[in-house]
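Worksheet: one structure, shown below.
Residue numbers (the working numbering), protein chains in the order written: chain A, 5 to 505; chain B, 258 to 816.
Following this line, the structure appears as structure tokens:
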């Protein structure tokens with residue numbers, strides 16, 4: 005939430021002593037006061053004009069450069085704000101507001117990498133500055149440097165335990181770290197019993213007991229001494245109504261030797277719930293076992309963070325967390341309700357509205373999704389994401405004529421958006437503009453997950469009278485479908501849960 | 258088209274501010290009016306699909322209906338397939354019997370199931386009517402779960418001749434249709450099989466955290482081969498599934514519809530497919546078929562995504578002489594309309610026909626292109642409901658729905674004529690099969706619809722000021738007795754809204770259902786037809802001139 009942070013920065017600067025040199029004269033002082041008055045009145049663009057004059061009149065003054073940069077940023081001219089802020093920082097490297105604003109401006113421009121250095125400096129200069137630390141964590145998360153973001157987020161949560169955003173962000177980072185560790189494990193040893201065990205855990209969480217059962221069995225076959233697996237199988241047997249089978253597996257679990265804590269420190273640490281210790285130790289190692297315990301520890305830490313969030317009064321973050329869980333489990337109606345509750349608490353946050361629109365779209369409530377997206381676009385007419393989403397919804401409502409101008413704009417705003425190109429191509433094709441559809445469909449092909457874009461391309465070539473290319477595209481579609489067709493093992497209910505071997 | 262993006266963006270913004278809605282009815286166009294008279298008519302059938310907590314997939318798929326004049330009295334009768342107890346799949350109580358209702362005239366019906374010998378056995382799903390032995394009495398094929406039966410009509414009493422005919426099968430049948438693929442004057446049978454399923458199938462599908470179990474998505478079930486049986490002419494059939502090429506593509510087949518789409522004198526077959534590309538079998542004329550769905554453009558809607566294709570009708574909706582294909586599907590998938598362009602190619606005109614936005618939120622099963630207001634243009638009726646009885650707990654779609662009717666505007670587009678038609682007067686139901694016929698002989702097409710766990714509906718067409726009509730009952734001599742496969746063209750200059758109309762004789766229409774009636778034409782203002790042309794499957798062409806309207810005309814194939 006940059007707005008609030010910047011407000012704090014503005015307030016602090018307005019009441020800061022003027023950085024004008026004392027000998028600058030009455031006229032400049034009057035202009036400086038005018039600038040401050042305009043800033044206080046929220047007339048940032050006008051203030052920027054005043055500060056430009058002042059900077060021209062008094063070049064090399066870090067305070068004026070800072071004021072100019074701030075005014076430009078607050079009036080939405082972030083690109084223009086960079087130069088004066090960078091100049092101010094160069095002139096006065098320990099100028100905290102300049103570092104803060106540089107970080108904020110770069111974040112707003114989507115340049116997370118450029119935001120890191122100034123924000124790190126801001127945090128060094130003022131370790132208790134929550135805004136600086138929060139923005140730094142945000143930049144690091146944007147760059148997927150979750151391990152670097154974690155200590156900052158942890159400190160934010162510890163120093164303000166009643167801040168829901170702190171726990172939410174911390175929990176999300178732990179989830180991301182668990183995911184990264186799992187990816188490393190898969191890369192090192194894709195057939196690893198440890199990986200199988202982790203996937204089984206995930207399946208069990210989704211209540212896919214049969215799938216989990218077979219995965220645990222495979223893991224046991226490969227690593228019979230791996231503790232916890234027989235216990236997991238026993239739990240599945242119990243839920244399936246087989247206490248006798250469960251007893252067998254529980255006995256096997258008990259029969260496994262206890263871990264030697266002088267050697268198996270990670271396992272012992274996990275069992276003792278010393279998850280942070282496990283993380284610290286495992287992070288220095290590269291073995292599959294280390295990755296395994298990293299995944300499990302990070303998952304536990306995530307659970308703990310979200311539990312802290314859940315214990316706090318309802319907040320935007322708690323609703324967002326629940327909305328995400330519901331959506332991932334295809335409970336779109338419940339998810340939409342949670343997004344709405346989050347929006348009620350933060351009505352000006354466009355991101356929440358976008359998430360609501362996405363959820364409504366997934367739940368096939370196209371008219372409601374359309375309404376929300378139109379609201380977003382009224383407030384932010386140049387949002388490429390909202391434009392692309394609205395175009396997609398209009399296509400779902402079978403209104404390609406209305407979708408076309410929206411999608412044309414989406415593509416103009418974000419030329420790299422493959423979904424926007426794909427949707428625009430489809431819209432053109434639907435209204436008989438096959439030749440115009442073709443280049444967009446071709447561009448979108450890398451995003452073709454189900455072959456439909458390939459098919460649309462073939463049909464567009466056909467309609468445009470390019471029969472030979474239509475034939476090639478259709479062949480491409482058929483080969484794509486063949487390659488992605490499920491094998492016989494995909495059908496049926498899978499192997500049933502069987503008794504202990 | 259303007260090339261000024263800014264202007265377009267502003268226009269788009271203004272357009273977007275308006276809420277979308279159905280196109281208003283054209284002024285001066287009389288409404289299509291339908292009234293459910295099932296109860297008064299004596300049709301008291303309630304489909305029993307035996308829903309279970311385990312949500313067996315077969316429970317949501319049945320409901321086929323057949324309409325045919327079983328006793329030759331000139332009035333179409335109604336046959337309903339019915340379910341059975343699960344898991345035994347036996348009709349162990351009368352409430353599971355298939356039922357036949359005789360049309361007594363005056364929109365009154367009598368249950369004659371027992372007298373006709375049509376209680377059936379097993380979990381029945383589909384019905385297909387065809388006079389396979391050319392004795393003048395329409396016979397009945399009933400397909401179901403792991404069982405199919407052929408009933409020979411012996412003067413109003415039916416005999417199960419399945420074994421004699423060589424038609425035993427353990428497949429799960431959801432559709433079937435009769436057509437003469439080799440033009441030998443005898444009807445052959447294409448059977449639509451869905452998947453492999455047994456009663457001990459127990460995959461949990463749904464949301465376990467809320468303990469909501471739903472019918473499993475078709476992706477969990479393997480596709481299987483279709484079946485084709487060649488009529489030997491001696492009461493037996495030969496399984497030519499593999500030899501003909503029909504069995505080659507694997508499908509989760511749903512419905513079949515027939516037409517000679519390329520007008521080469523050989524009837525072709527279109528089979529809808531559940532979450533797989535639908536199939537168009539081109540009749541090669543040498544006993545084999547070539548699957549050309551993708552090439553022709555009828556396998557998938559224009560967006561290229563596989564849909565839950567349900568019912569099909571293969572008829573000329575735009576009076577250009579070429580049979581088109583209309584398909585139903587689930588909410589959000591649209592009901593594709595493929596216009597026949599000739600030369601073996603079709604175009605998805607769902608959007609251009611304005612059908613797209615009208616059906617975006619609807620889910621449909623059985624469908625039929627028939628002229629309900631007799632203005633010379635075939636309209637579209639769909640029997641609607643979703644497949645998932647818990648859908649409302651997951652997304653913004655409805656399970657129970659009223660049926661729909663879309664008026665053909667005669668300019669390539671359709672308008673929604675459902676509101677005010679009477680279809681929304683009763684409670685929404687879980688509609689499945691539909692049969693089309695003029696039950697009271699007044700020249701207006703009526704519809705009978707089945708509903709799972711609900712009473713069947715008999716929609717009596719009361720459309721006021723509907724135009725003149727002509728029903729052509731074909732009697733084949735060299736061709737099959739029903740005249741199935743015959744192409745019929747009527748020409749009249751008296752009504753400027755249409756000059757020529759085309760149809761063909763088929764009994765395969767909709768989902769799991771069959772309608773064996775005369776070929777019906779609405780004639781609008783024309784009190785007579787200048788020319789009636791029949792192209793029989795045998796190759797004989799018969800032309801009748803100055804045919805008076807408002808009659809059922811029996812035409813025997815010239816020898």
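By construction, the Cβ of each residue, glycine as well, lies at the ideal position given by its N, Cα and C atoms.
Cut-off 6 Å between Cβ atoms - residues of its own chain near residue i, not counting five sequence neighbours on either side
i, result
"residue 521 of chain A", "The question about residue 521 of chain A has no answer here: the residues shown for chain A are numbered 5 through 505."
"residue 500 of chain A", "none"
"residue 181 of chain A", "150, 302"
"residue 555 of chain B", "537, 582, 595, 603"
"residue 670 of chain B", "610, 611"
Where residue i sits in the DSSP three-state scheme
i, result
"residue 148 of chain A", "coil"
"residue 788 of chain B", "strand"
"residue 173 of chain A", "helix"
"residue 662 of chain B", "strand"
"residue 43 of chain A", "helix"
"residue 365 of chain B", "strand"
"residue 417 of chain B", "strand"
"residue 110 of chain A", "helix"
"residue 537 of chain B", "strand"
"residue 234 of chain A", "helix"
"residue 762 of chain B", "coil"
"residue 691 of chain B", "strand"
"residue 741 of chain B", "coil"
"residue 347 of chain A", "helix"
"residue 725 of chain B", "strand"
"residue 358 of chain B", "strand"
"residue 133 of chain A", "coil"
"residue 463 of chain B", "strand"
"residue 470 of chain B", "strand"
Nearest candidate by alpha-carbon position, reference residue i, set the options
i, options, result
"residue 766 of chain B", "B:691, B:320, B:382", "B:691"
"residue 472 of chain B", "B:449, B:458, B:795", "B:458"
"residue 477 of chain B", "A:503, A:504, A:492", "A:492"
"residue 818 of chain B", "B:460, B:608, B:422, B:388", "As displayed, chain B neither begins before 258 nor continues past 816, which places residue 818 of chain B out of reach and without an answer."
"residue 720 of chain B", "B:624, B:674, B:774", "B:674"
"residue 568 of chain B", "B:499, B:638, B:589", "B:638"
"residue 258 of chain A", "A:232, A:278, A:244", "A:232"
"residue 445 of chain A", "A:426, A:408, A:326, A:432", "A:426"
Residue-chain proximity (residue i, chain D), Cβ-Cβ < 9 Å
i, result
"residue 613 of chain B", "Looking for chain D here will not work: the only protein chains present are A and B."
Residue i beta carbon near the ligand ZN (any heavy atom closer than 8 Å)
i, result
"residue 276 of chain A", "Although the ligand ZN was asked about, the structure shown includes no ligands whatsoever."
Cut-off 7 Å between Cβ atoms - residues of its own chain near residue i, not counting five sequence neighbours on either side
i, result
"residue 780 of chain B", "631, 633, 724, 725, 726, 727, 749, 752, 786, 806"
"residue 454 of chain B", "314, 315, 429, 478"
Residues near residue i by beta carbon distance below 8 Å, same chain, minus five either side
i, result
"residue 70 of chain A", "17, 23, 88, 89, 92, 99, 101, 102, 105"
**OP:** Please confirm if the segment 526-538 of chain B is in contact with the segment 572-579 of chain B, defined as three or more CB-CB distances below 8 Å between the two stretches.
**Re:** With contact defined as three or more Cβ pairs closer than 8 Å, the segment 526-538 of chain B and the segment 572-579 of chain B are not in contact.
Original post:
Taking a cut of 7 Å between CB atoms, which residues from the segment 441-464 of chain B lie near chain A?
Top reply: 458, 459, 460, 464
Original post:
Is the segment 342-350 of chain A in contact with the segment 193-205 of chain A, if contact means three or more CB pairs nearer than 8 Å?
Top reply: Proximity of the segment 342-350 of chain A to the segment 193-205 of chain A falls short of the contact definition, fewer than three beta-carbon pairs being nearer than 8 Å.
Original post:
On the three-pair Cβ rule with 8 Å, is the segment 552-563 of chain B touching the segment 597-617 of chain B?
Top reply: They touch, by the three-pair rule.
**OP:** May I ask you to list, following chain order, the residues of the segment 584-609 of chain B that have a beta carbon less than 9 Å from some beta carbon of chain A?
**Re:** 588, 589, 591, 602, 604, 605, 607, 608, 609
**OP:** Below 8 Å between beta carbons is the criterion; list the residues of the segment 352-376 of chain B that meet it against any residue of chain A, in chain order.
**Re:** none
Original post:
Between the segment 644-661 of chain B and chain A, which residues of the former have CB atoms less than 8 Å from a CB of the latter, in chain order?
Top reply: 650, 651, 652, 653, 654
Original post:
Mind listing which residues of the segment 548-560 of chain B have their C-beta closer than 8 Å to chain A's C-betas, in chain order?
Top reply: So the close ones are 551, 552, 554, 557, 559, 560.
Original post:
Pairing CB atoms from the segment 321-330 of chain A with CB atoms from the segment 167-184 of chain A, are three or more of them under 8 Å?
Top reply: Touching, yes.
Subject >> Contact residues within the segment 526-543 of chain B, judged by C-beta distance below 9 Å to chain A >> reply: The segment 526-543 of chain B vs chain A, Cβ under 9 Å: 534.
Subject >> Near-chain B residues of the segment 441-457 of chain A (beta-carbon distance less than 8 Å), N- to C-terminal order >> reply: 454, 455, 456, 457
**OP:** Please list the residues of the segment 334-354 of chain A that have a C-beta atom closer than 8 Å to any C-beta atom in chain B, keeping them in chain order.
**Re:** 334, 335, 336, 337
Original post:
Is it a yes or a no for the segment 655-668 of chain B touching the segment 491-498 of chain B, going by three-plus beta-carbon pairs under 8 Å?
Top reply: no
Original post:
Quick one: any contact between the segment 43-53 of chain A and the segment 76-96 of chain A, if contact means 3 or more CB pairs under 8 Å?
Top reply: yes
Subject >> Positions along the segment 390-405 of chain A whose CB lies within less than 9 Å of some CB in chain B >> reply: 394, 398, 399, 400, 401, 402, 403, 404, 405
Original post:
Just by C-beta distance, which residues in the segment 467-481 of chain B are closer than 7 Å to chain A?
Top reply: Interface annotation for the segment 467-481 of chain B against chain A: 477, 478, 479, criterion Cβ-Cβ distance under 7 Å.
Original post:
What are the residues of the segment 259-283 of chain A that lie near chain B, defined by any Cβ-Cβ distance shorter than 8 Å?
Top reply: none
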